[in-house]
Amino acid sequence: MKKPIKPIIVASAILAIAVPIIVLMQLQAAPDFKATLAGANEVPPVATQATGEATFFLSQDGMSLTFKLTAANIENITQSHIHTAATGVNGPVVAWLYPSAPPAVLIPGAFNGVLSEGTLTADSLRGVLAGRPLAELIAAIRVGNAYVNVHTSQRPGGEMRGQIQ
Ligand SMILES: [Cu+2]
Numbered sequence: 004m005k006k007p008i009k010p011i012i013v014a015s016a017i018l019a020i021a022v023p024i025i026v027l028m029q030l031q032a033a034p035d036f037k038a039t040l041a042g043a044n045e046v047p048p049v050a051t052q053a054t055g056e057a058t059f060f061l062s063q064d065g066m067s068l069t070f071k072l073t074a075a076n077i078e079n080i081t082q083s084h085i086h087t088a089a090t091g092v093n094g095p096v097v098a099w100l101y102p103s104a105p106p107a108v109l110i111p112g113a114f115n116g117v118l119s120e121g122t123l124t125a126d127s128l129r130g131v132l133a134g135r136p137l138a139e140l141i142a143a144i145r146v147g148n149a150y151v152n153v154h155t156s157q158r159p160g161g162e163m164r165g166q167i168q
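For any residue, its number in my numbering is found by taking its place in the sequence shown, counting from 1, and adding 3.
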């Protein structure tokens, strides 16, 4: 006759499985904001195979914005920024994503992968947001008034763009 399984063992086994899953879920939490980049989103639209994605995680205290920017099927990247403007409108640069500060730095030839990773703070803000709190950029993002774009040597005005949402 089998011994009954002790409840404490069952509880331990459940915890042993559940805790790592919960930790993993937190590590892979959905980003607070995301931008999907394509040539069609540029103003005017650009015919290109290039695609990209930017993800943003806002810190608990709202003082820093961690980002990761990937790009694919693109050539001769020179720079990437956050600009402020609504969909369909071009606006000024307010933060640099690649490189982290001017001047632009050409990556010759094809590029596929992580273009840039970093953390933006109030000190990262430029142009119309220079000297302003990070909360002003976050407010612009929340109302759909900010976008990421990637510039190339063949498309200096921007080869692909995505509104941050
Ligand atoms: Cu730009």
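All C-beta atoms in this analysis are idealised placements derived from N, C-alpha and C, irrespective of residue type, glycine included.
Asked	Found
Excluding the five sequence neighbours on either side, which residues of its own chain have a C-beta within less than 6 Å of the C-beta of Glu120, listed in chain order?	Lys71
Heavy atom of ligand 1 less than 7 Å from the Cβ of Glu82, yes or no?	Reading off the sequence shown, one finds Gln at residue 82, where the question assumed Glu. Yes, since a heavy atom of ligand 1 falls inside the 7 Å radius drawn around the Cβ of Gln82.
Under the rule that 16 or more other beta-carbon atoms within 10 Å means buried, what is Met163, buried or exposed?	buried
Quick one: what does DSSP say Val108 is sitting in, helix, strand or coil?	coil
Tell me whether the beta-carbon of Phe60 lies closer than 8 Å to the beta-carbon of Ile144.	no
What separation, rounded to the nearest whole angstrom, lies between the Cα atoms of Pro95 and Ala89?	11 Å
Quick check on Ser119: does DSSP put it in helix, strand or coil?	strand
Where does Ala142 sit, in a helix, a strand or coil, going by DSSP?	helix
Determine, using beta carbons only, whether Val97 and Thr87 come nearer to each other than 8 Å.	yes
In whole angstroms, what separates the C-alpha of Ile77 from that of Leu128?	27 Å
Here's the rule I'm using: 16 or more other beta-carbon atoms within 10 Å means buried, otherwise exposed. How should Leu140 be labelled?	buried
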